[in-house]
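Chains as they are written, first to last, in this note's numbering: chain A, 82 to 365; chain B, 4 to 319; chain C, 2 to 254. Glycine residues also receive a C-beta, built at the ideal position from the N, C-alpha and C atoms. Take a look at the structure set out below.
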Amino acid sequence: MSKKETKTLSRRELKKRQLQRKTLILTAIVAVLLLISLCAPMLMTHDPYATDPLAMKQAPSAAHFFGTDYLGRDVFSRVLLGARTSIFATLLLVVISFVIGSVIGIICGYYGGWVDNILMRITDILLSLPQLVLAIAVAGIMGGGLRNALIAIGVTSWTSYARLARSHAMRIRRLPYINSVRMTGCGDIHILWKHVFPNLIGSMLVNATLEIGTTMLSIAGLSFLGLGVVPPEAEWGSMVSEGRAYLQLAPWTVFAPALAIMISVMIFNYFGESVCDLANINEV
Amino acid sequence: MDDKYLLEINNLTVTYGQFKIITEVSFKVRPGEIVCIAGESGCGKSTLIKSVLGLKQLGAQITEGSVILDGRDITRLGVEERRQILGTQIGYVPQNTRGSFNNIRKYDVQYKETMNAHNLPFIREDAIKLFKRLNFPDTERLLSYEPWEMSGGMNQRMAIALAVLQGPKLMLADEATSVLDVTSQKEVIEELAQLRDELGWSILFITHNLGVASHIADRLGVMYAGRMVEYGDIRKVLDDPIHPYTRNLLAAIPGKDRKMPVGLEGRPPLDGAEWEGCNFVPRCKYACEECKHKKYSLNEIVPGHWVSCAEGRGEK
Amino acid sequence: MSEAPLLEVRNVAKAYGRGKRRHEVLKNINITLNEGEVLGIIGESGCGKSVLLNLISCLEPVSGGQLFFKGQEYTGKKPKDVCRWFQVIFQDSEAAFDPKMTIRESMHENLKLLAEGTKNANQRIEDMVSMMGLATELADRYPRQLSGGQVQRMAIARGLVTEPNMILCDEITSALDVSAQAMILQYLYELRKKRGLTMMFVSHDMALCATFCDRMAIMKDGEIVEIGTPEQIMDHPQHEYTKLLLDAVLYTR
Chain A
82 MSKKETKTLS RRELKKRQLQ RKTLILTAIV AVLLLISLCA PMLMTHDPYA TDPLAMKQAP
142 SAAHFFGTDY LGRDVFSRVL LGARTSIFAT LLLVVISFVI GSVIGIICGY YGGWVDNILM
202 RITDILLSLP QLVLAIAVAG IMGGGLRNAL IAIGVTSWTS YARLARSHAM RIRRLPYINS
262 VRMTGCGDIH ILWKHVFPNL IGSMLVNATL EIGTTMLSIA GLSFLGLGVV PPEAEWGSMV
322 SEGRAYLQLA PWTVFAPALA IMISVMIFNY FGESVCDLAN INEV
Chain B
4 MDDKYLLEIN NLTVTYGQFK IITEVSFKVR PGEIVCIAGE SGCGKSTLIK SVLGLKQLGA
64 QITEGSVILD GRDITRLGVE ERRQILGTQI GYVPQNTRGS FNNIRKYDVQ YKETMNAHNL
124 PFIREDAIKL FKRLNFPDTE RLLSYEPWEM SGGMNQRMAI ALAVLQGPKL MLADEATSVL
184 DVTSQKEVIE ELAQLRDELG WSILFITHNL GVASHIADRL GVMYAGRMVE YGDIRKVLDD
244 PIHPYTRNLL AAIPGKDRKM PVGLEGRPPL DGAEWEGCNF VPRCKYACEE CKHKKYSLNE
304 IVPGHWVSCA EGRGEK
Chain C
2 MSEAPLLEVR NVAKAYGRGK RRHEVLKNIN ITLNEGEVLG IIGESGCGKS VLLNLISCLE
62 PVSGGQLFFK GQEYTGKKPK DVCRWFQVIF QDSEAAFDPK MTIRESMHEN LKLLAEGTKN
122 ANQRIEDMVS MMGLATELAD RYPRQLSGGQ VQRMAIARGL VTEPNMILCD EITSALDVSA
182 QAMILQYLYE LRKKRGLTMM FVSHDMALCA TFCDRMAIMK DGEIVEIGTP EQIMDHPQHE
242 YTKLLLDAVL YTR
């Protein structure tokens, strides 16, 4: 009988297992990526800030895996160190906007009324502004630096979480179980925390993983424009920006960080997508 | 005439993957006859209707037995051939009244589309004549309404009228009245009975509501966990139920006498169609060791009344 | 003077929307219900029968009229003020349990917030569950792991675990098979005998209500058109609409 059963696994079941495997592999890759960026100082072959006038714009070699830039700094080490800035800044921003957005969204969706009206009009205004332009304006006013860049992007990035959390909270508010919980005499905060939040956190997290890639690009974009991380510090976007002037002479100074951005964005996007698929298939 | 059947279902076994969901079901529908198949959720009655309509989309398949429509074996028809007979030979009224029409297109456009898809002309006057015959309200303007403006009951009646226009001989109704209010439910089943009388339709009606069955059916089949346990003339089955399950089922329905209905603990086994012996054993008060091994068979106990088990017959 | 009725609903009305979009769902509803009585409320979809339960249990505010519990007005109170008196049981009881909690956890919520002590919480839960004829280990499952009939019985057990004065049942059997429906009625009937439970039983099924209600109220378009004992309603209906409904009841024989 058991043999028969394994054969008769439905197509959905098979797909689910496939997805689980895929998600597991991608999770491992993401973990490796995080580990690399955490251990960057140990893996670096050179001091990423040490300039070397004798080794300027050198092509990739055994001594410098990704070559050197116009100041003779080792690109490989800079890319590794940049990973830490890029990835952790991204994750930090995603977490902060996730928390702020979710709280606002849940409150709006659950209570409705004028609270909802005011907060949602604010998000409408923020959503109608081009995100990058607004970020440039904010960063321009507040000056450069990673912290200001994060604030500049964060001003608008919470809105998408708020929207999603709001629609989920509105849906959950109408479910019968909320009424039965109200009949136990619970207060609103208890209902929000114990009964609304746990039932929307899943899909919110899925959305957050999907947003990691975009957020990473935004940060790199701001840095590229010179509004994010201030130059001597290693960050992929600003490295591309710095190397751009010497693109013909030392293309590796652009390619290495660009490739790093591309690969990590791709990894996070794939990761988000498979988490999303898995969540969907589990829900059915 | 007696040996002429419009629909014959012979020893039908349907499987999903390797699991049987219907086992050895047989019954026949004469022209002009209304056959009701009743049972509780999960007994396989909907699958039964889908095995006439086509099972491909469900991922299930007929592994044994045959479905014969008007002398023609339609057990293994392809999708395209089956599409040809749907509508013109077999009409279908689904359960979900909102799902049968596009909510925001006028009825006449949708009527026309469906008719043309079967290479039939759409004649407005015919439709209006039919509405009048069925006592629809506001017959003249009805076709220019959109489904969302109508109640669920009216929508269902429009779906039936559309099926009538295509002129099938056999009508399949899958829980066609169960989402309706009681008053519209009565209207719809009276309409179906009227159409049968006027057009000589055969109707295969699937329902969980034995009250509905009692009012329109000529013959009633009771299914339990993928098997037909009792089948026969409607009055014979309802007035003198023989199978322990049928008797339990009838006792659970509130009657005119206003006595408390009697329930039945437990639920049908999910893999009931797989069992060799009787699958009602876990809930049956007459069950014995022997029952678990006795081969299932439907026997004609009274002329026109078939039962798979007659244990405790006549007891209350 | 005789004791005040357990529940009195006086001239209650409910409307949604404002101005031109104002839409009246309930008009001039008057009900009195004595301790130990079972009142059936019958009507077709959209007649406002579920809204009425929401008003009585304070899940929604009334637009007009007054509500009394044991002669004392409670109009305008919040669910937490009345949940010791009433518990509502809904039609779709799987959705009436938080999907992320086991049945037992959900029941604990009820007990925690209602009863003085939670000392015997588990004992009380298990007693109630077995009183509904279910194995106590089923309480540790999630709602989706139970059958429709089982969840519905759990929902009733949850409603009763805090021993409210009255339960309000909103179409509690209409999503179930007849044998499961009959089981629920049997258990409710037992509870009535044992505890003198007061109930409001909203349903669209006249024949069902007639089997165990003391009185039946017929609702149409937000108004009660007729109210009386099952004998009066079933055998001598007065209102046209009652006759229409009665005519549409399909008996098996």
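Contact with chain A by residue i, beta-carbon distance below 8 Å
i, result
"Val52 (chain C)", "no"
"Cys84 (chain C)", "yes"
"Glu110 (chain C)", "yes"
"Ala122 (chain C)", "no"
"Asp248 (chain C)", "no"
"Gln88 (chain C)", "yes"
"Met2 (chain C)", "Confidence at Met2 (chain C) is low in this model, with a pLDDT of 44, below 50, so the placement of that residue is unreliable and no value is reported for it."
"Asp141 (chain C)", "no"
"Glu101 (chain C)", "The sequence shown places Lys at residue 101 (chain C), rather than the Glu named in the question. Answer yes: the Cβ-Cβ gap between Lys101 (chain C) and chain A drops below 8 Å somewhere."
Chain B within 8 Å of residue i, Cβ atoms only
i, result
"His237 (chain C)", "no"
"Arg254 (chain C)", "yes"
"Glu38 (chain C)", "no"
"Ala136 (chain C)", "no"
"Leu245 (chain C)", "yes"
"Ser46 (chain C)", "yes"
"Ser148 (chain C)", "yes"
Residue j beta carbon less than 8 Å from that of residue i
i, j, result
"Leu162 (chain A)", "Ala121 (chain A)", "yes"
"Ser205 (chain B)", "Glu36 (chain B)", "yes"
"Ile52 (chain B)", "Val96 (chain B)", "no"
"Leu105 (chain A)", "Tyr191 (chain A)", "no"
"Val310 (chain B)", "Lys295 (chain B)", "no"
"Ile43 (chain C)", "Cys170 (chain C)", "no"
"Leu183 (chain B)", "Gly156 (chain B)", "yes"
"Leu15 (chain B)", "Gly57 (chain B)", "no"
"Leu34 (chain C)", "Leu27 (chain C)", "no"
"Gly65 (chain C)", "Asn12 (chain C)", "yes"
"Leu100 (chain A)", "Leu359 (chain A)", "yes"
"Glu84 (chain B)", "Arg230 (chain B)", "no"
Cβ of residue i within 8 Å of any chain C Cβ
i, result
"Met153 (chain B)", "no"
"Asn361 (chain A)", "no"
"Asn280 (chain A)", "yes"
"His296 (chain B)", "no"
"Met4 (chain B)", "Residue placement at Met4 (chain B) cannot be trusted, given a pLDDT of 42 that sits under 50; the coordinates are not used to answer."
"Tyr258 (chain A)", "yes"
"Val310 (chain B)", "no"
"Val185 (chain B)", "yes"
"Gln92 (chain B)", "no"
"Asp73 (chain B)", "no"
Of the residues the options, the one placed nearest residue i, counting alpha carbons only
i, options, result
"Ile32 (chain C)", "C:Leu7, C:Val26, C:Ala16", "C:Leu7"
"Ile1 (chain B)", "B:Ile304, B:Val82, B:Ala176, B:Asn105", "Absent from the structure is residue 1 (chain B), since the part of chain B shown begins at 4 and ends at 319."
"Ala246 (chain A)", "A:Phe278, A:Ile110, A:Ile106, A:Ile217", "A:Phe278"
"Asn288 (chain A)", "A:Ser322, A:Val356, A:Ile117", "A:Val356"
"Ser175 (chain C)", "B:Glu143, B:Ile256, B:Ala216", "B:Ile256"
"Ala158 (chain C)", "C:Asn166, C:Gln182, C:Glu127, C:Glu95", "C:Glu127"
"Glu190 (chain B)", "B:Met161, B:Leu165, B:Leu207, B:Leu168", "B:Met161"
"Ala41 (chain B)", "B:Gly235, B:Met226, B:Gln98", "B:Met226"
"Ile366 (chain A)", "A:Ile177, A:Ile234, A:Met201, A:Val176", "Lying outside 82 to 365, the shown extent of chain A, residue 366 (chain A) is not represented and no answer is given."
Would you say the segment 131-144 of chain C touches the segment 53-63 of chain C, given that touching needs at least three Cβ pairs under 8 Å?
no
Under 7 Å, CB to CB, which of the residues in the segment 30-55 of chain B have a partner in chain C?
Glu43, Ser44
Counting only Cβ-Cβ distances shorter than 9 Å, please list the residues of the segment 260-277 of chain A near chain C, keeping chain order.
Asn260, Ser261, Val262, Arg263, Met264, Thr265, Gly266, Cys267, Gly268, His271, Lys275, His276
Taking any Cβ of chain B, which residues in the segment 204-232 of chain C have a Cβ under 9 Å from it, in chain order?
His205, Asp206, Met207, Ala208, Leu209, Cys210, Ala211, Thr212, Phe213, Pro231, Glu232
Pairing CB atoms from the segment 69-84 of chain C with CB atoms from the segment 216-236 of chain C, are three or more of them under 8 Å?
no
Segment contact flag, the segment 257-271 of chain A with the segment 284-303 of chain A, C-beta cutoff 8 Å, min 3 pairs:
no
Tell me which residues of the segment 170-190 of chain C have at least one Cβ-Cβ distance to chain B shorter than 8 Å, keeping chain order.
Along the segment 170-190 of chain C, going in chain order, the ones with a CB nearer than 8 Å to a CB of chain B are Asp178, Val179, Ser180, Ala181, Gln182, Ala183, Met184, Ile185, Leu186, Gln187, Tyr190.
In chain order, what residues of the segment 53-77 of chain C put their CB closer than 7 Å to some CB of chain A?
Taking 7 Å as the Cβ-Cβ cut-off against chain A, the residues of the segment 53-77 of chain C that qualify are Ser58, Leu60.
Does the segment 123-143 of chain A come close enough to the segment 325-345 of chain A that 3 or more CB-CB pairs lie under 8 Å?
yes
Under 8 Å, with one C-beta from each stretch per pair, do the segment 231-250 of chain A and the segment 206-215 of chain A reach the 3-pair mark?
yes
At a Cβ cut of 7 Å, what residues of the segment 213-228 of chain B count as close to chain C, listed as they run along the chain?
Leu213, Gly214, Val215, Ser217, His218
Contact set between the segment 250-267 of chain B and chain C, restricted to residues whose Cβ is under 7 Å from the partner
Asn251, Leu252, Leu253, Ala255, Ile256, Pro257, Gly258, Lys259, Arg261, Lys262, Met263, Pro264, Val265, Gly266, Leu267
Say whether the segment 300-320 of chain A touches the segment 164-182 of chain A, bearing in mind that this needs 3 or more beta-carbon pairs closer than 8 Å, one atom from each stretch.
With a cut-off of 8 Å, the segment 164-182 of chain A and the segment 300-320 of chain A count as touching, because enough Cβ pairs lie within range.
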